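Everything below concerns the one structure shown next.
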Amino acid sequence: MSEPVLYIVATPIGNLADLSERAREVLGRVDHVAAEDTRHSGRLLAHFNIKVPMISVHDHNERQRAEHVINLLRNGESIALVSDAGTPLISDPGFHLVRAVREAGFRVSPVPGSCAFVAALSASGLPSDRFQFIGFLPAKSGARLQALEALSENTETLVFYESTHRIVDSLKAMSEAFGCERYAVVARELTKTFETIHGDSLEGLLEWIQADANQQRGEFVVLVQGAEKVLDDESINPEAERILRILAKEMPPKKAAGVAAEITGYKKNRLYQLLID
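Numbering follows the working numbering, with no gaps: position 219 of the sequence shown is 1361.
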């Protein structure tokens, strides 16, 4: 490490074997580790026999700590920023520190690794080409429902974090805001012993989780399928019609309409009727 750098180091979300070789090397070579909870991260470092001085950087002192970190960088020292688990800054502190360090002219370098919502999305079976990461919802019920209702017409996959104490209330609010039949996936305790990834309608998920108190424990990622695209049934754009006609040359009308519906977002019945007409 020939220059002072602030490294943003992702740490495991459960399974310690997920700490990358590069992350282990960086943590062992920096002059300081800035941690959200020094006791928690201290156990991680001890597991890998890494002995580096630690400083505390969390929600309540981040702005004040930024100047201290910048002074360390000015002295030629390198620092690794870690959160309690996963990738720092994702629903965790660090934004103000990173911005201050960059504005001071020092390099900020990511050391990628585990991220709970990315892991959950990859295994959910929900569309991942377009998604919106929301993170934690408001704690108060009224504000939570209002936030969800504002997202009810979004067509991309919605991704939330939730805690043990609010998972049931959040699923109830999602069912109210999105409709009880909207498909969703609960990913719980990812990479840990009791990892669970369960998909169903929001109503079904609520019944499932209320029936088993053990499924209400741990850390949660909740992924909700986006709203169905609403298109004008009376008019089909030329590009969609072109796709439909190409498919109809190669397969029966019903199958062609079904494939075209998946590609274009128009309803299958409307496309089939167009072919028949």
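All C-beta atoms, glycine included, are put in the ideal place defined by N, C-alpha and C.
Everything numeric in this text was worked out from a predicted model, so none of it was measured.
Exercise for review: Mind checking which residues open and close the beta strand (DSSP E) that includes R1387?
Suggested key: Element bounds for R1387: not the beta strand (DSSP E) but the alpha helix (DSSP H), 1380-1390.
Review point. According to the neighbour-count rule (16 or more other Cβ atoms, all chains shown, within 10 Å of its Cβ), is S1317 buried or exposed?
Key: By the neighbour-count rule (16 or more Cβ atoms within 10 Å), S1317 is buried.
Point to revise | Which of helix, strand or coil DSSP assigns to T1180 | key: T1180 sits in a helix when the DSSP states are folded into three classes.
Check your understanding: What is the C-beta distance between G1267 and G1341, in whole angstroms, given that I count them as a contact (C-beta under 8 Å)?
Key -> Contact between G1267 and G1341 holds: CB atoms are separated by about 6 Å, below the 8 Å threshold.
Practice item. With a cut-off of 8 Å on the beta carbons, I'd call L1293 and A1315 a contact; round off their distance for me. Key: Contact flag wrong, Cβ pair sits at about 11 Å.
Review point. Based on the DSSP secondary-structure assignment, which residues constitute the bridge partners of A1222?
Key: A1222 is bridged to Y1149, V1175.
Practice item. Grab me the residues of S1496's own chain with a C-beta within less than 6 Å of its C-beta, minus the 5 sequence neighbours each way, in chain order. Key: Past the edges of the chain, shown from 1143 to 1419, lies residue 1496, and the structure says nothing about it.
Exercise for review: To the nearest angstrom, report how far apart I1276 and E1304 are at their CA atoms.
Suggested key: Approximately 11 Å between the Cα atoms of the pair.
Check your understanding: Going straight from the alpha carbon of V1327 to that of L1215, what length do you get?
Key -> Taking C-alpha positions only, V1327 is separated from L1215 by approximately 43 Å.
Practice item. Could you round the C-beta distance between T1333 and Q1357 to whole angstroms and report it? I think they count as a contact, below 8 Å. Key: About 17 Å separates the two Cβ atoms, so there is no contact after all.
Check your understanding: Where does R1330 land, buried or exposed, given buried means 16+ other C-beta within 10 angstroms?
Key -> With 16 or more other Cβ atoms inside 10 Å of its own Cβ, R1330 counts as buried.
**Study point:** Selection from R1387, E1381, I1150, T1335 that minimises the alpha carbon distance to V1430
**Key:** Because the chain here runs from 1143 to 1419, residue 1430 falls outside it and cannot be looked at.
Check your understanding: Whole-angstrom Cβ separation of A1258 and I1212, contact assumed at under 8 Å?
Key -> About 30 Å separates the two Cβ atoms, so there is no contact after all.
Practice item. Look at the alpha carbon of D1234 and the alpha carbon of T1406, and state the distance between them as a whole number of angstroms. Key: D1234 and T1406: Cα-Cα distance of roughly 38 Å.
Point to revise | Start and end residues, beta strand (DSSP E) containing R1205 | key: No beta strand (DSSP E) holds R1205; the alpha helix (DSSP H) holding it covers 1204-1216.
Point to revise | CA-to-CA distance, K1371 to T1297, given in whole angstroms | key: Per the coordinates, the alpha-carbon of T1297 lies some 6 Å from the alpha-carbon of K1371.
Point to revise | Selected residue, minimal CA-CA separation from D1226, among F1336, A1152, E1383 | key: Nearest option by C-alpha distance: A1152.
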